[in-house]
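Numbering (full-length UniProt numbering), first residue to last: 1 to 96.
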């Protein structure tokens, strides 16, 4: 199936945007991912969730475009088990 309108036009309609979010949430949940949605302050939810999950896991990776989250998250914990990944940015580390 192909779209008859641009992505920006499609997402400018609040109903379309919410239906897409709902569909993605269901798909991710079926894939075993934890899904949380917040209408107000997504940055706070990402930080809070990351810190909660880090307490139960060996390490976590937060994938986000917003570098401000890294600064806030790093200031919120002394843990060295939280990693931040900005999409499209990666480095290959070779083992000795």
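Cβ coordinates follow ideal geometry from the N, Cα and C atoms, glycine included.
Asked                                                                                              : Found
Residue 33, DSSP secondary structure in three states                                               : coil
Beta-bridge pairing of residue 71 - partner residues as DSSP gives them                            : Paired residue(s): none; residue 71 is not in a bridge.
Own chain residues within Cβ distance below 8 Å of residue 77, not counting five before or after   : 51, 54
Sub-8 Å separation of residue 41 and residue 69 beta-carbons                                       : no
Beta-carbon gap between residue 49 and residue 36 smaller than 8 Å                                 : yes
Close beta carbons around residue 85, own chain, < 6 Å, minus the five adjacent residues each side : 61, 63
N- and C-terminal bounds of the alpha helix (DSSP H) containing residue 57                         : No alpha helix (DSSP H) holds residue 57; DSSP gives it neither H nor E.
Cα-Cα separation between residue 73 and residue 66, rounded to whole angstroms                     : 11 Å
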